[in-house]
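Data block below; observations after.
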Amino acid sequence: MEIFSSIEHARCARLELRKRGSTLALVPTMGYLHEGHLSLVRKAQSLADATWVSIFVNPTQFGPNEDLNRYPRDLDRDFELLQIEGVDAVFVPSAEEMYAKKPIIEVAFSGLENMLCGASRPVHFGGVGIVVTKLFNIIEPDVAVFGQKDAQQALLIRRLVDDLSFAIRIEVAPTVREADGLALSSRNVNLTDEERRAAPAIHRALIEGQRTINTGENNPDRVLEVMRKIIGREELLRLDYAVCVSADDLSTPKKITGPVLLAIAVNTSATRLIDNIIVELGSPISGRR
Ligand code: AMP
Numbered sequence: 002m003e004i005f006s007s008i009e010h011a012r013c014a015r016l017e018l019r020k021r022g023s024t025l026a027l028v029p030t031m032g033y034l035h036e037g038h039l040s041l042v043r044k045a046q047s048l049a050d051a052t053w054v055s056i057f058v059n060p061t062q063f064g065p066n067e068d069l070n071r072y073p074r075d076l077d078r079d080f081e082l083l084q085i086e087g088v089d090a091v092f093v094p095s096a097e098e099m100y101a102k103k104p105i106i107e108v109a110f111s112g113l114e115n116m117l118c119g120a121s122r123p124v125h126f127g128g129v130g131i132v133v134t135k136l137f138n139i140i141e142p143d144v145a146v147f148g149q150k151d152a153q154q155a156l157l158i159r160r161l162v163d164d165l166s167f168a169i170r171i172e173v174a175p176t177v178r179e180a181d182g183l184a185l186s187s188r189n190v191n192l193t194d195e196e197r198r199a200a201p202a203i204h205r206a207l208i209e210g211q212r213t214i215n216t217g218e219n220n221p222d223r224v225l226e227v228m229r230k231i232i233g234r235e236e237l238l239r240l241d242y243a244v245c246v247s248a249d250d251l252s253t254p255k256k257i258t259g260p261v262l263l264a265i266a267v268n269t270s271a272t273r274l275i276d277n278i279i280v281e282l283g284s285p286i287s288g289r290r
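Rendered as structure tokens:
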């Protein structure tokens with residue numbers, strides 16, 4: 002497995018692949034890898050001849066009071082896991098390598114970047130837009146794989162690629178969870194034992210929201226009530242948001258008539274957790290349209 006920390010080396014290796022006629026899949030990550038990341042790697046391997054993973058804790062997507070410095074890191078372990086998976090190369094640039102100059106370009110998404118996670122993380126999606134654009138321009142993958150776990154990110158990256166005509170196919174892979182439903186996240190190691198015990202309530206709330214829709218409820222407010230109540234029982238989870246929005250454009254429907262994204266974000270003492278599910282309407286509701 003090759004490891005590149007310089008943009009130039011990554012570009013040269015990419016050129017070599019192209020000369021050999023090999024296709025390339027990229028899995029962008031911030032490291033401290035878990036089974037969720039590895040599931041994306043396996044999907045990537047099924048989609049192209051070569052698979053690269055990038056590991057970069059991107060400072061521009063963290064606000065001043067967020068957990069950039071506390072974000073867990075263990076590169077040696079990450080390299081070991083990726084080697085076992087048979088990844089071809091890892092791109093692991095420093096912040097200086099990626100941002101020799103502070104970018105003056107800004108990426109915005111017509112306000113979608115200020116919804117959901119963006120409401121409490123105002124610089125987040127602008128930073129994601131910049132770093133993903135840079136990674137795409139440096140590595141020029143044929144396909145890039147992202148996780149449904151970060152639903153808003155996946156939606157905005159699809160728009161970035163469409164709007165700016167990147168010749169890159171975007172694939173979104175399902176969320177990998179612990180047995181008790183908690184979505185795997187690098188940040189889970191920062192939970193206290195008590196918070197870890199409370200955290201599966203997030204998934205329970207999503208499932209209960211889904212059940213409520215599938216039993217015929219089409220008023221998003223009532224679905225949210227059910228979800229909020231479940232989170233509200235957990236003292237250690239402070240709800241940031243619970244939403245029931247269109248899975249296509251994050252707009253809030255008056256009535257649920259198409260696929261909706263149920264999404265939740267909570268804060269614990271020092272850790273932010275997010276999760277979501279997409280509810281495709283079952284027959285009872287579509288029959289009532
Ligand atoms: P991160 O390292 O947290 O930036 O995540 C890198 C990629 O892995 C993103 O596309 C995430 O959506 C994805 N990812 C993170 N957690 C999970 C999970 N539990 N299941 C599937 N994909 C995930």
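Under my numbering, the first residue of the sequence shown carries the number 2, and numbering increases by one thereafter.
All C-beta atoms, glycine included, are put in the ideal place defined by N, C-alpha and C.
Residue state for Asn-268 is assigned as strand, using DSSP reduced to three classes.
Here Asp-50 has Ser-23, Thr-24 as same chain residues with Cβ atoms under 6 Å from its own Cβ, once five neighbours each way along the sequence are excluded. For Ser-40, the CB falls within less than 7 Å of some heavy atom of the ligand AMP.
Per DSSP, Asn-215 is one residue of the alpha helix (DSSP H) stretching across 202 to 215. Residue burial annotation: Glu-235 is buried, with at least 16 other C-beta atoms found within 10 angstroms of its C-beta. With distances taken between CA atoms, Met-2 lies nearest to Asp-77 out of Val-244, Asn-70, Asp-77. Taking C-beta atoms under 8 Å as the contact rule, Ile-139 and Phe-147 fail to qualify, at a distance of about 17 Å.
Closer than 7 Å to some heavy atom of the ligand AMP: that describes the Cβ of Lys-150. Beta-carbon to beta-carbon, Leu-48 and Glu-141 are separated by about 15 Å, too far to satisfy the 8 Å threshold. In the DSSP annotation of this structure, Val-144 is not part of any alpha helix (DSSP H); the continuous beta strand (DSSP E) holding it starts and ends at 144 to 148. Here Cys-245 is bridged, per DSSP, to Leu-263. For Asn-219, the secondary structure class from DSSP, reduced to helix, strand or coil, is coil.
In this structure, the CA atom of Arg-74 is about 5 Å from the CA atom of Tyr-33. Excluding five sequence positions before and after Ser-252, the CB atoms of its chain that fall closer than 8 Å to its own CB belong to Val-246, given in chain order. Scanning Leu-39, Thr-30, Leu-69 for the CA closest to the CA of Ala-271 turns up Leu-69. One alpha carbon belongs to Phe-137, the other to Asp-143, and they sit about 9 Å apart. Straight-line measurement puts the Cα of His-38 at about 11 Å from the Cα of Ile-56. Pro-60 sits in a helix when the DSSP states are folded into three classes. Remark: the shortest separation between the CB of Met-116 and any heavy atom of the ligand AMP does not fall under 7 Å. Residues Asp-68, Tyr-72, Pro-73, Thr-272, Arg-273, Leu-274 of the same chain have their beta carbon placed closer than 8 Å to that of Arg-188, with the five preceding and five following residues left out of the count. Counting of Cβ neighbours within 10 angstroms places Ile-131 among the buried residues, the total reaching 16 or more. The closest CA to that of Ala-11, considering only Pro-60, Met-99, Asn-191, Pro-175, is found on Met-99. Taken through DSSP and simplified to helix, strand or coil, Phe-126 comes out as helix. Sorting Lys-135, Val-91, Pro-94 by C-alpha distance to the C-alpha of Val-108 places Lys-135 at the top. Here Pro-94 really is in contact with Ile-8; their C-beta atoms are around 7 Å apart, less than 8 Å. Taking a 10 Å sphere around the C-beta of Pro-123, we find fewer than 16 other C-beta atoms and assign the residue as exposed. For Ile-278, the uninterrupted beta strand (DSSP E) run begins and ends at 273 to 280, by DSSP. C-alpha of Val-227 to C-alpha of Ile-278: approximately 15 Å in a straight line. Nearest neighbour of Arg-160 by Cα position, chosen from Ala-96, Leu-113, Ile-257, turns out to be Leu-113. Rounded to whole angstroms, Leu-207 and Ser-166 show a C-alpha spacing of 34 Å. For Ile-4, the enclosing beta strand (DSSP E) starts and ends at 3 to 5.
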